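Colleague:
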Amino acid sequence: MDGPMYSEMDVSRIDPEEALVDFETVEPGDISGEIDESLLKDYGAEDKVLVSIRIRPGDAPSVWQRTHKNIKLDPQCGKSPQEFMFDEILTGSENKPVYNAVARSHVCAAMEGYNAVIFAYGQTASGKTFTLSGDEDQLGIIPRAMKDIFAYIRRTPNREYLLRCSYLEIYNENIHDLLAPHSTSTTQPVQIHGTGPNVVLTPLREEVVTSLKSVREVLDRGEGNRRTATTDWNERSSRSHSVFRVVIESRERGSGGSSPDGRATPSGRQTPGFRPPTPGGSRLQARGGRSVQTSVLSLIDLAGSEKATSDKDRTREGKYINTSLLTLGSVIATLGENSAKNKNDHVPFRNSKLTRMLQPSLSGDARISVICTINPSKDAIPESTSTLLFAQRIKKVQLHAKKKEVVDTDALLERYRKEIEELRQRLSEREAEAPVRSRRLSAREQLDESRAMHDLNARIRQLTKLILTSQTVDENKGDETRPSSPAKVDFDMSPYQLQQELLAARREIETQSTQILSLEAAILARPVLPPDAPESEKDKLLAEQTKTIRELEIVVKGYEDNLGEPLRKVQEDVEREWAVKVEREVKLREEKEAWADELVKQLDKERKARMKLEEERQALAAFVQKFDALGLETTLPVPQTKLNPPLPMPGGAAAVFAERHKHRIHPLDAIIETESPIRLAPLSIEPSLLEEEWDGVEDMSFELEKAGKVMKLGSQSPVREVFGDKENTPP
Ligand code: ADP
Ligand code: MG
């Protein structure tokens, strides 16, 4: 079946404003003109499931006897004379009284804003499909309900409606979208997301209907897909559950709401910016303060009950156990028990697709009507008895369906948006100055700051959620006063949109987890005060907090002052350690300087001595020359005293000087080699006379010093040599 991807009624291509139905646009042929208003019973007033029995006509007389609302087995046919009591016992082939008795009140409730579910339960061939869908002559509950919906719209001139249908099948615990092309429904099976009241089915097609004709088109297409999907049609149809749903949205008709001269009413405003990309393609939008009321009507043709029983005798033929139906049985049993005995036992909703999908309705959020069909034949007595027992159990279930609160969404959204804008402004201001502030703030103040930021963020998130909630038609059940739809179905979401949503959600989770980490500390320090505490309490707490902050500041200041103490100690330690070293260095330096001074002094002293000696030497040399010139020779031994020095040797004093000079050592070389703090520049001075004669002078001074005492030195003494020369050399 290669039909177009999107039918003409594809919801994503329809402007909901174009698809509105009101009392003027309803075609007269689409309404059931046969309904007597006086026949309408208000079953919604009771907090009970409406449970009815329909006995199918048969060839033989029925084995079941009925008296008003009671039913019991013909005593001739069975030993158990148990009598059951239900809301309605129906017989015959007329579908109209059946609709009036068991469905009409629920359809009307759906039109008034309640969620409603109508089940057909019973063994295969007992008449479930005949009751729900009917045939050409006897329209079943579904087409009658649609007719009734249009009739309701026609007699409600002050409201306008948007109707959307979906049609799905649960087979072998797989959900098939009967309105999607077969190829699509197999590659993209419908998944149930969310838990509890927030159940979403995706991807699931939902189509807008504006007339009974379009409803028929949708139903026919669904049936066609259902048949082509299987080769063993009978088996599959008896084992699968089919669910037809109508989402009914309505709002009050505005002055210019749908008139040709303009859609927007004076106070109305389009809100494309805040319209979520998710379901919404053709959601009815609030206009000009007119809120949107939403409800869902679910019509469910269950699988044959015989295959679901756990009784071995019953399952002998069909080796197959229907998980969804079995779970439905235990869910209803538990719910009934809980209601009857005021218990709170765990209800196994999540054990099957059907119960998971219907959880919001079964939990009591919806008005429920169950039609149990039974086969009148003798063979079917066990099955029929089982069906009656199921019916009895479900009768115990307590419901709390409430009419959806009508919310002036537009006004609310406007208020939320304003608040969000203000909060965002405040948040960005705080964030902008955060780095500067945090440097000045104490630890405690920083905590308070981060807490304030967190509060702002939380409020923004909360408001954003509220906006989404309002616009996605009760996507999240915020409070108990607003019952949500039986299942949240994202009919318009493409896989791509889902992916985008998922990505965005992941990103948000990441950001939030980092936020959580940084805020946990703040939360620890958070004061315990309920949000609804009186202002005086809050003021008191605020004052206390301010006091605490001031005290903490003082403590922090003191701490910061004291923070220098250890550092100073360290400095002292270091200084003490280094003082010793420095002192030692200074002393060493002083010693070296003193030594240098001493050296300089000595040098000076010795220089003076050399000058003096030089003078003497020159005088002596002159004398020697004079003496040599005289050529005086004497053989007389002269005693070697200062007044009688040794006589000059041949060659004269000059030769002796020359010889000695050859072996001289520079006197300062020794000084330079020594370790001294005073570094003298290398000497490159031309040797002066004084220096040249250093050695000789030294010897002389030594000799002169001692001369007066012991004349122990020999001819090495220059003085003696001079005198010796003088004395030995004849003039
Ligand atoms: P189920 O859906 O429970 O398996 P069906 O609705 O298909 O059973 O009914 C089986 C057969 O019995 C169908 O041919 C149907 O037209 C017929 N049938 C069921 N209920 C009635 C009824 N109340 N009056 C006349 N025919 C009926
Ligand atoms: Mg059937």
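Each residue of the sequence shown is one higher than the one before, starting from 1121 at the first, in this note's numbering.
Ideal Cβ positions, reconstructed from N, Cα and C, are used throughout, including at glycine.
On a predicted model such as this, the values are computed, not experimentally measured, just so you know.
Pair every Cβ in the region 1300-1319 with every Cβ in the region 1271-1281, then say whether three or more of these pairs are closer than 8 Å.
Modeller: Counting Cβ pairs under 8 Å, fewer than three are found: no touch.
Colleague: Do Asn1345 and Leu1298 count as a contact pair if the criterion is CB distance below 9 Å?
Modeller: The count along the sequence shown starts at 1 and reaches residue 1298 at position 178. The count along the sequence shown starts at 1 and reaches residue 1345 at position 225. Cβ atoms of Leu1298 and Asn1345: closer than 9 Å.
Colleague: When DSSP labels each residue in this structure, what does Tyr1287 get in the three-state scheme?
Modeller: Your numbering for residue 1287 matches position 167 in the sequence shown. Three-state result, Tyr1287: strand.
Colleague: Thinking Thr1322 and Gln1311 are a contact (beta carbons under 8 Å), I'd like their distance in whole angstroms, please.
Modeller: For the purposes of this step, residue 1322 is taken as the residue at position 202 of the sequence shown. For the purposes of this step, residue 1311 is taken as the residue at position 191 of the sequence shown. Right, the Cβ-Cβ distance comes to about 6 Å (below 8 Å), so this counts as a contact.
Colleague: Could you give the uninterrupted runs of the beta strand (DSSP E) lying entirely in the region 1458-1540, keeping only those of 3 residues or more?
Modeller: Runs of the beta strand (DSSP E) inside the region 1458-1540: 1486-1494.
Colleague: CB of Thr1507 to nearest heavy atom of the ligand MG: below 8 Å?
Modeller: Here residue 1507 refers to the residue found at position 387 when the sequence shown is read from its first residue. Thr1507 Cβ: outside cutoff for every heavy atom of the ligand MG.
Colleague: Measuring from the CB of Ser1358, is there a heavy atom of the ligand MG at a distance below 8 Å?
Modeller: Locating residue 1358 in the sequence shown gives position 238, where the first residue counts as 1. Yes, the ligand MG has a heavy atom inside 8 Å of this Cβ.
Colleague: Between His1313 and the rest of its own chain, which residues show a CB-CB distance below 7 Å, the 5 nearest in sequence each way excluded?
Modeller: Here residue 1313 corresponds to residue number 193 of the sequence shown, with the count starting at 1. Val1320, Thr1322, listed in sequence order.
Colleague: Do three or more CB pairs link the region 1211-1231 to the region 1455-1462 at distances below 8 Å?
Modeller: The answer is no - the region 1455-1462 does not touch the region 1211-1231, with fewer than three Cβ pairs under 8 Å.
Colleague: So, is Leu1455 buried or exposed, given that buried needs 16 or more other C-beta atoms within 10 angstroms?
Modeller: Residue numbering aside, residue 1455 sits at position 335 when the sequence shown is read from its first letter. Per the 10 Å Cβ criterion, buried.
Colleague: What are the boundary residues of the beta strand (DSSP E) that Tyr1241 is part of?
Modeller: Here residue 1241 corresponds to residue number 121 of the sequence shown, with the count starting at 1. Start and end: 1235-1242.
Colleague: Cβ-heavy atom distance between Asp1421 and the ligand MG below 8 Å?
Modeller: Working through the sequence shown from its first residue, we reach residue 1421 at position 301. For the ligand MG, at least one heavy atom lies less than 8 Å from the Cβ of Asp1421.
Colleague: Given a cut-off of 9 Å on the beta-carbon distance, is the pair Ser1489 and Ala1230 in contact?
Modeller: Within the sequence shown, residue 1489 is the residue found at index 369, counting from 1. Within the sequence shown, residue 1230 is the residue found at index 110, counting from 1. Contact flag unset, no.
Colleague: Given Ala1221, which residues of its chain have a CB within under 6 Å of its CB, disregarding the five upstream and five downstream residues?
Modeller: By 1-based counting over the sequence shown, the position of residue 1221 is 101. Around Ala1221: Glu1208.
Colleague: Taking only three categories from DSSP, how would you classify Val1319?
Modeller: Locating residue 1319 in the sequence shown gives position 199, where the first residue counts as 1. It is coil, neither helix nor strand.
Colleague: Under 8 Å: does the beta carbon of Asp1255 sit that close to some heavy atom of the ligand ADP?
Modeller: As a first step, residue 1255 must be located in the sequence shown, where it is residue number 135. Indeed, a heavy atom of the ligand ADP lies less than 8 Å from the Cβ.
Colleague: Please classify Glu1326 as buried or exposed, where buried requires at least 16 neighbouring CB atoms within 10 angstroms.
Modeller: Against the sequence shown, residue 1326 aligns to sequence position 206. Buried, because 16 or more other Cβ atoms sit within 10 Å of the Cβ of Glu1326.
Colleague: Following a CB-centred definition, is Thr1244 positioned closer than 8 Å to any heavy atom of the ligand MG?
Modeller: As a working note, residue 1244 is residue 124 in the sequence shown. True, at least one ligand heavy atom lies under 8 Å from that Cβ.
Colleague: Mapping DSSP to helix, strand and coil, what is His1361?
Modeller: Looking up residue 1361 in the sequence shown gives position 241. It is a strand residue.
Colleague: First and last residue of the beta strand (DSSP E) that includes Leu1193?
Modeller: Counting from 1 along the sequence shown, the entry for residue 1193 is found at position 73. 1190-1193 is the extent of the beta strand (DSSP E) around Leu1193.
Colleague: What does the alpha-carbon distance come out to for the pair Thr1443 and Ser1360?
Modeller: Taking the sequence shown and counting its residues from 1, the one referred to as residue 1443 is at position 323. Taking the sequence shown and counting its residues from 1, the one referred to as residue 1360 is at position 240. If you take the alpha carbons of Thr1443 and Ser1360, they lie about 11 Å apart.
Colleague: Is the CB-CB distance between Ile1580 and Arg1544 below 9 Å?
Modeller: In the sequence shown, residue 1580 corresponds to position 460, counting from 1. In the sequence shown, residue 1544 corresponds to position 424, counting from 1. Going by C-beta atoms, Ile1580 is nearer than 9 Å to Arg1544.
Colleague: Please state whether DSSP places Leu1339 in a helix, a strand or coil.
Modeller: Position 219 of the sequence shown holds residue 1339. Helix at Leu1339.
Colleague: The alpha helix (DSSP H) spanning Val1227 covers which residue range?
Modeller: On the sequence shown, position 107 is the one that residue 1227 refers to. Where Val1227 is concerned, the enclosing alpha helix (DSSP H) stretches over 1224-1231.
Colleague: From the DSSP output, in three-state form, read off Thr1276 for me.
Modeller: One-based indexing of the sequence shown puts residue 1276 at position 156. DSSP places Thr1276 in coil when its eight states are reduced to three.
Colleague: When the Cα atoms are used, what is the spatial distance from Ser1483 to Val1146?
Modeller: Here residue 1483 corresponds to residue number 363 of the sequence shown, with the count starting at 1. Here residue 1146 corresponds to residue number 26 of the sequence shown, with the count starting at 1. Approximately 35 Å between the Cα atoms of the pair.
Colleague: Which stretch, first to last residue, makes up the beta strand (DSSP E) that contains Asn1215?
Modeller: Indexing the sequence shown from 1 puts residue 1215 at position 95. Here Asn1215 belongs to no beta strand (DSSP E); instead the alpha helix (DSSP H) covers 1215-1218.
Colleague: Return the chain-ordered list of same chain residues with a C-beta closer than 6 Å to the C-beta of Val1227, the five sequence neighbours on each side being excluded.
Modeller: Sequence index remark: in the sequence shown, residue 1227 carries index 107 (1-based). Answer for Val1227: Ala1265, Asp1268, listed in chain order.
Colleague: Can the beta-carbon of Ser1286 be found closer than 9 Å to that of Val1367?
Modeller: Here residue 1286 refers to the residue found at position 166 of the sequence shown. Here residue 1367 refers to the residue found at position 247 of the sequence shown. Taking 9 Å as the Cβ cut-off, Ser1286 and Val1367 qualify as a contacting pair.
Colleague: For my contact list, Thr1244 and Ser1172 are in at a C-beta cut-off of 8 Å; report their separation, rounded to the angstrom.
Modeller: Start at 1 with the first residue of the sequence shown, and residue 1244 comes out as number 124. Start at 1 with the first residue of the sequence shown, and residue 1172 comes out as number 52. 19 Å between Cβ atoms; not a contact.
Colleague: What's the gap between the Cα of Ser1472 and the Cα of Gly1342?
Modeller: Stepping through the sequence shown from its first residue, residue 1472 is reached at position 352. Stepping through the sequence shown from its first residue, residue 1342 is reached at position 222. Answer to the nearest angstrom: the Cα atoms are 23 Å apart.
Colleague: Starting from Phe1250, trace the alpha helix (DSSP H) in both directions and tell me its first and last residue.
Modeller: Position 130 of the sequence shown, counted from the start, is the residue given in the question as residue 1250. First-last of the alpha helix (DSSP H) with Phe1250: 1248-1252.
Colleague: Just mark Ala1856 as buried or exposed, buried being the case when its beta carbon has 16 or more other beta carbons within 10 Å.
Modeller: Outside the displayed range of the chain (1121 to 1851) lies residue 1856, so it cannot be described from this structure.
Colleague: If you run the structure through DSSP and keep just helix, strand and coil, what is Phe1204?
Modeller: Position 84 of the sequence shown, counted from the first residue, corresponds to residue 1204. Here Phe1204 sits in strand by DSSP.
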